[in-house]
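Those protein sequences? They're chains D and Z, same order as listed. Per numbering that gives the first Met the number 0, the first sequence starts with residue 0, numbered consecutively. Per numbering that gives the first Met the number 0, the second sequence starts with residue 0, numbered consecutively. By construction, the Cβ of each residue, glycine as well, lies at the ideal position given by its N, Cα and C atoms. Quantities reported herein were computed from a predicted structural model and do not represent experimental measurements. In what follows, a structure is listed as structure tokens, so that the remarks can point back to it.
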Amino acid sequence: MLKILRYSFSDISRSQWSYFYFAFYFIIGFTLLFLSSDVSKAVITLVNIILVLSPLIGTVFGVIYFYNSKEFTQLLLAKPIKRSTIFIGQYLGLSLSLSFSFVLGLGFPFLFYGIFRSPAIGDFFSLLISGVFLTFIFTALAFNIALSNENKIKGFAAAILLWLLLAVIYDGLFLISLMVFNEYPLEKVSLIATALNPIDLSRILVLLKLDISALLGYTGAVFQKFFGGGLGMLISIFILMLWTVLPILRIMQKIEKRIFNE
Amino acid sequence: MIEFKNLKKSFGRLNALEDINLKISKKGVFAILGPNGSGKTTLIKCILGMVIPDQGSILINEKNIIKKWEYRNDINYLPQIADFPANLTVSELIEMVKDLRAKEANESALIELFGLDPFLDKKLSILSGGTKQKVNLVLAFMFDSSIIILDEPSTGLDPLSIIQMKELIETQKKEGKTILITTHIMSLAEEISDEIVFMLEGKKYFQGTIDEIKKKTKEKTLESAIAKILGGR
Numbered sequence: 000m001l002k003i004l005r006y007s008f009s010d011i012s013r014s015q016w017s018y019f020y021f022a023f024y025f026i027i028g029f030t031l032l033f034l035s036s037d038v039s040k041a042v043i044t045l046v047n048i049i050l051v052l053s054p055l056i057g058t059v060f061g062v063i064y065f066y067n068s069k070e071f072t073q074l075l076l077a078k079p080i081k082r083s084t085i086f087i088g089q090y091l092g093l094s095l096s097l098s099f100s101f102v103l104g105l106g107f108p109f110l111f112y113g114i115f116r117s118p119a120i121g122d123f124f125s126l127l128i129s130g131v132f133l134t135f136i137f138t139a140l141a142f143n144i145a146l147s148n149e150n151k152i153k154g155f156a157a158a159i160l161l162w163l164l165l166a167v168i169y170d171g172l173f174l175i176s177l178m179v180f181n182e183y184p185l186e187k188v189s190l191i192a193t194a195l196n197p198i199d200l201s202r203i204l205v206l207l208k209l210d211i212s213a214l215l216g217y218t219g220a221v222f223q224k225f226f227g228g229g230l231g232m233l234i235s236i237f238i239l240m241l242w243t244v245l246p247i248l249r250i251m252q253k254i255e256k257r258i259f260n261e
Numbered sequence: 000m001i002e003f004k005n006l007k008k009s010f011g012r013l014n015a016l017e018d019i020n021l022k023i024s025k026k027g028v029f030a031i032l033g034p035n036g037s038g039k040t041t042l043i044k045c046i047l048g049m050v051i052p053d054q055g056s057i058l059i060n061e062k063n064i065i066k067k068w069e070y071r072n073d074i075n076y077l078p079q080i081a082d083f084p085a086n087l088t089v090s091e092l093i094e095m096v097k098d099l100r101a102k103e104a105n106e107s108a109l110i111e112l113f114g115l116d117p118f119l120d121k122k123l124s125i126l127s128g129g130t131k132q133k134v135n136l137v138l139a140f141m142f143d144s145s146i147i148i149l150d151e152p153s154t155g156l157d158p159l160s161i162i163q164m165k166e167l168i169e170t171q172k173k174e175g176k177t178i179l180i181t182t183h184i185m186s187l188a189e190e191i192s193d194e195i196v197f198m199l200e201g202k203k204y205f206q207g208t209i210d211e212i213k214k215k216t217k218e219k220t221l222e223s224a225i226a227k228i229l230g231g232r
């Protein structure tokens with residue numbers, strides 16, 4: 000698996016899209032840090048960008064990579080290697096490469112700014128952790144969708160819809176339901192609803208670290224009230240791990256039955 | 000030796016393979032022929048484990064290979080479409096494939112044969128279709144395996160490379176390999192194969208030598224024999 004991982008990593012990390020992705024975070028990071036010259040404010044703005052962009056990039060790259068490497072995957076399938084080894088290797092290669100672009104892109108501006116001497120270092124790390132988690136989660140979800148759809152267009156559409164649902168629509172529906180049912184106790188419901196959306200979970204993870212109650216929103220406040228800051232963060236990290244592992248397990252299970260007859 | 004026993008595979012309502020019984024016991028070149036959708040590719044992909052049959056078994060040297068993977072160490076495969084990771088160089092790709100198999104490889108002779116030396120440090124994304132197919136051939140022939148499966152090997156190759164490829168197949172045959180080949184080019188099949196298997200609508204229609212199919216159809220060339228079978232349906 001490590002061999003496949005190594006080669007797909009060096010393939011993807013050399014593609015121009017990886018450079019673009021890196022450059023984007025690099026420029027955004029520099030601009031925000033030196034425009035606001037306040038790390039906390041820059042982190043808050045970055046949260047909102049990362050929560051939307053990392054899942055989108057993971058989704059789009061995941062689907063495109065899966066469909067584009069179809070022919071080469073067939074060559075690998077004919078080699079004496081287990082199927083799950085090939086696909087998990089490719090998945091990890093892609094997720095790691097995207098995460099590298101993200102971490103380095105943001106890392107350099109913060110390093111120049113002197114983040115290691117700043118008290119905001121923890122905030123910055125929570126930002127990196129949630130971005131990396133979202134990349135791994137959404138790439139795995141995209142692989143799942145591509146595996147279940149032989150038709151490229153359908154697979155691509157389904158992946159984008161999933162992103163739209165979790166990044167945009169989910170919150171809207173959630174808010175509406177909170178308003179409609181506001182006479183009922185909604186704390187447990189909203190806790191569960193948050194756990195079911197990795198983007199919301201990551202937002203809470205960062206905001207709990209930042210400890211800005213005004214931005215926590217309803218679910219964040221519930222999280223803080225229920226678990227307190229530290230435990231709340233641990234629990235959200237644990238659920239994010241589940242969100243990563245479960246789709247990977249489904250890839251491994253699904254791949255054994257897949258037919259490669261194109 | 001490769002043996003298919005009562006092999007069945009359907010995709011939804013389409014019966015891709017219907018009760019295939021086929022024995023390839025001798026060494027040499029076997030051409031699997033048939034019109035589009037006749038089940039040639041499905042048959043090959045069953046051997047490679049990319050398609051898992053609904054019923055039946057495939058025996059390689061008397062061992063059932065379905066849902067196993069270790070047996071593939073003794074198979075070389077040339078896929079129909081040569082498409083590789085865009086940002087790797089030719090030599091990196093060759094190293095990668097060598098890395099994945101615990102086997103000696105003799106890639107340098109093949110690189111020289113196909114004149115790939117100037118391309119070794121080039122990225123795969125900038126190679127032409129024909130050059131990619133040559134890389135494909137290097138990857139397929141660089142290992143010493145007793146079974147070689149070639150899916151449309153002449154696609155995109157110039158006449159000189161086709162001749163070199165035929166010589167390569169000839170050498171492998173002399174070394175006692177079993178070579179399975181699918182092709183649409185009947186003259187190629189006629190020239191290199193010892194035996195043919197003709198597939199039609201998921202069934203084995205004919206297995207035998209080219210002389211036998213010519214006699215059966217009373218035609219002079221393989222191409223016209225096949226045309227007669229297809230036209231006379």
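8 Å Cβ cut-off: residues of chain D touching residue i
i     : result
M95/Z : K2, Y6
M49/Z : Q73, L76, A77, I258, F259, N260
Cβ-Cβ distance between residue i and residue j below 7 Å
i      : j      : result
D73/Z  : K7/Z   : no
S100/D : V205/D : no
D150/Z : T130/Z : no
M141/Z : E106/Z : yes
I85/D  : I3/D   : yes
A224/Z : K213/Z : yes
I147/Z : I125/Z : no
V28/Z  : N260/D : no
Y112/D : L32/D  : yes
L207/D : M232/D : yes
F79/D  : R12/Z  : Checking the sequence shown, residue 79/D turns out to be Pro, not Phe. Contact: no.
N135/Z : L187/Z : no
T134/D : S53/D  : yes
L123/Z : L87/Z  : yes
E226/D : F142/D : According to the sequence shown, residue 226/D is Phe rather than Glu. No, Cβ-Cβ distance for F226/D and F142/D is not below 7 Å.
L93/D  : T58/D  : no
A145/D : G154/D : yes
V137/Z : L109/Z : yes
Range covered by the beta strand (DSSP E) that runs through residue i
i      : result
E17/Z  : 13-23
Y70/Z  : Here Y70/Z belongs to no beta strand (DSSP E), and DSSP marks it neither H nor E.
D233/Z : The structure shown does not extend to residue 233/Z, since chain Z is modelled only from 0 through 232, so no value can be given for it.
M198/Z : 194-199
I178/Z : 177-181
G261/Z : Since the displayed chain Z opens at 0 and closes at 232, residue 261/Z lies outside it and no answer follows.
Endpoints, the alpha helix (DSSP H) within which residue i is located
i      : result
S83/D  : 82-112
F124/D : 120-147
L47/Z  : 39-47
Y169/D : 169-179
L50/D  : 38-67
E2/Z   : Here E2/Z belongs to no alpha helix (DSSP H); instead the beta strand (DSSP E) covers 1-10.
A158/D : 151-163
T170/Z : 158-173
I51/Z  : Note, I51/Z: premise wrong, no alpha helix (DSSP H); not H, not E.
Y18/D  : 15-35
K187/D : 186-194
Y6/D   : 1-12
Closer than 7 Å at the beta carbon, the chain D residues around residue i
i     : result
E17/Z : What E17/Z touches in chain D: nothing, since even the nearest Cβ is about 16 Å away.
E69/Z : P79
K44/Z : F259, N260
Where residue i meets chain Z, residues with beta-carbon distance less than 8 Å
i      : result
K151/D : Near K151/D there are no residues of chain Z at all, since even the closest Cβ is about 14 Å away, more than 8 Å.
S14/D  : A85, N86
D10/D  : P84, A85, N86, L87
Nearest-angstrom Cβ-Cβ length linking residue i and residue j, presumed shorter than 8 Å
i      : j      : result
Y90/D  : I254/D : About 10 Å; that fails the 8 Å criterion.
G33/Z  : F197/Z : 6 Å
I159/D : P197/D : At roughly 16 Å, the Cβ-Cβ gap does not stay under 8 Å, so I159/D and P197/D are not in contact.
A139/Z : N75/Z  : 5 Å
S117/D : V38/D  : 6 Å
N20/Z  : K39/Z  : Actually they do not touch by this definition, with Cβ atoms about 16 Å apart.
T220/Z : E189/Z : 7 Å
K121/Z : K26/Z  : No, K121/Z and K26/Z are not in contact; Cβ-Cβ is about 37 Å, not under 8 Å.
Partner residues on chain A for residue i, Cβ-Cβ distance less than 7 Å
i     : result
L99/Z : This model lacks chain A altogether, as its protein chains are D and Z.
Contacts that residue i makes with chain D (C-beta to C-beta distance below 9 Å)
i     : result
N60/Z : Simply none; closest approach about 15 Å.
N72/Z : K78, P79
Contact residues within the segment 75-95 of chain Z, judged by C-beta distance below 8 Å to chain D: Y76, P78, I80, A81, D82, F83, P84, A85, N86, L87, E91, M95
Under 9 Å (Cβ pairs) to chain D, residues found in the segment 27-41 of chain Z: T40, T41
Near-chain Z residues of the segment 57-75 of chain D (beta-carbon distance less than 9 Å), N- to C-terminal order: N67, S68, K69, E70, F71, Q73, L74, L75
Interface residues of the segment 2-17 of chain Z facing chain D [CB-CB below 8 Å]: F10, A15
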